[in-house]
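Counting from 1, position 169 in the sequence shown corresponds to residue 169 in full-length UniProt numbering; the numbering is continuous, with no gaps. What follows is a single structure, written as structure tokens, with notes after it.
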Amino acid sequence: MRLHIITNRSISPRHWIWKIWDPRTTQYSRLITVVTMAASLSVDQSAREQLVPYHQIRALYDEESITVYQAYNDKIADAAVQKQTLAVPGWSCERMTWIKPSWSWMMYRSGFSRKDQNQSRILAIRMSHASFETILMQSSLSNSSKGKQPVRVQWDPERSPSTKTKLPYRSIQIGIGRSVAETWAKEMILSIEDVTEKARRMHDDVEAGMGEKELEEKYIDESVYDIKNEEVRKLIRLEAEEENKQTTA
């Protein structure tokens, strides 16, 4: 049977819903979920990229928590992992601290932990879904003219796993201001894990010429992170269309 793809909708970079036309019955089949690696489909890279909404949160998460990433120097990272809090000597709540759910963006920003001494250690920080939403409830877009909130949301071009390619959709960065940062550091963090070695192994594989698909399979385990709170969705312009990019870049 030859199946013709009529419409599709992105669930995540690896998951789609397809509406299929069956020539034998001349009818549309019901919507089905196809779970597969993108490269196994006869859809080229540019087409697959267009399936992803312009603003979309992709993250590692489970029923209890979402993981975000930050980069620090050795002193802060060692103390944070040991004490399982960021309220440690050297860490300051007097300036905005940025968290990133996207592993690829963290790798791009930190140069796989090799950019400089202050980004030489990558920490995976788990926080509850409720805490994550609480942070976003206090946010506004970085370029917004509608008042200054203690939390800033910035949508930057997502990067391919190798970080060499700028993708046509955005990845969220969240800046936690000083009026919120201390509470976040002391009360909202469930656990802190040092994932620097993972970043460095990935860098070695990139340097060795590993392809984007292989890098994604080996290092990235992220899915679309859905936010159901409509107020939060509006605040952060979640799933904004590409034509709005001039006002959200």
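All residues carry an ideal CB built from backbone N, CA and C; glycine is no exception.
My output table needs one value for Thr-36: the three-state DSSP class, helix, strand or coil.
If you number the sequence shown from 1, residue 36 lands on position 36. A caution first: Thr-36 carries a pLDDT of 39, below 50, which makes its placement in the model unreliable, though a value can still be read off. Thr-36 falls in the coil class under three-state DSSP.
Among Lys-164, Arg-237 and Val-88, whose alpha-carbon lies nearest the alpha-carbon of Lys-186?
Indexing the sequence shown from 1 puts residue 186 at position 186. For Lys-186, the nearest C-alpha among the options comes from Val-88.
Strictly by DSSP, which residues pair up with Trp-98?
The residue you call residue 98 lines up with position 98 of the sequence shown. Bridge partners of Trp-98: Gly-175.
Do Ile-125 and Ile-176 have their C-beta atoms closer together than 8 Å?
Position 125 of the sequence shown, counted from the first residue, corresponds to residue 125. Position 176 of the sequence shown, counted from the first residue, corresponds to residue 176. Cβ distance not < 8 Å, so Ile-125 and Ile-176 don't count as in contact.
Identity of the residues DSSP links to Thr-133 by a beta bridge
The sequence position of residue 133 within the sequence shown is 133, counting from 1. Note on identity: in this sequence residue 133 is Glu, with Thr being the wrong assignment. In the DSSP output, where bridge partners are listed per residue, Glu-133 has none listed.
So, under 8 Å CB-CB, Pro-53 and Tyr-219 are touching, yes? Tell me the CB distance rounded to an integer number of Å.
Translated into positions along the sequence shown, residue 53 becomes position 53. Translated into positions along the sequence shown, residue 219 becomes position 219. Contact flag wrong, Cβ pair sits at about 23 Å.
Are the CB atoms of Glu-222 and Arg-58 within a distance shorter than 8 Å?
As a position in the sequence shown, residue 58 is number 58, starting the count at 1. As a position in the sequence shown, residue 222 is number 222, starting the count at 1. Yes, Cβ-Cβ distance for Arg-58 and Glu-222 is below 8 Å.
If we count Cβ pairs, one from each stretch, closer than 8 Å, do we get three or more for the region 70-77 versus the region 127-143?
no
Between which residues of its own chain and Gln-82 is the CB-CB distance below 7 Å, once the five residues before and five after are set aside?
One-based indexing of the sequence shown puts residue 82 at position 82. Hits under 7 Å: none found.
Please list, in chain order, all residues of the same chain as Ser-120 whose beta carbon is under 7 Å from its beta carbon, the five residues on each side excluded.
Your numbering for residue 120 matches position 120 in the sequence shown. Answer for Ser-120: Asn-73, Asp-74 and Ser-113, listed in chain order.
Please classify Gln-84: is it buried, with 16 or more other beta-carbons within 10 angstroms of its beta-carbon, or exposed?
Along the sequence shown, read from residue 1 onward, the residue named residue 84 stands at position 84. Its Cβ having fewer than 16 others within 10 Å, Gln-84 is exposed.
What's the C-alpha gap between Glu-64 and Phe-132?
Position 64 of the sequence shown holds residue 64. Position 132 of the sequence shown holds residue 132. One C-alpha to the other measures close to 11 Å.
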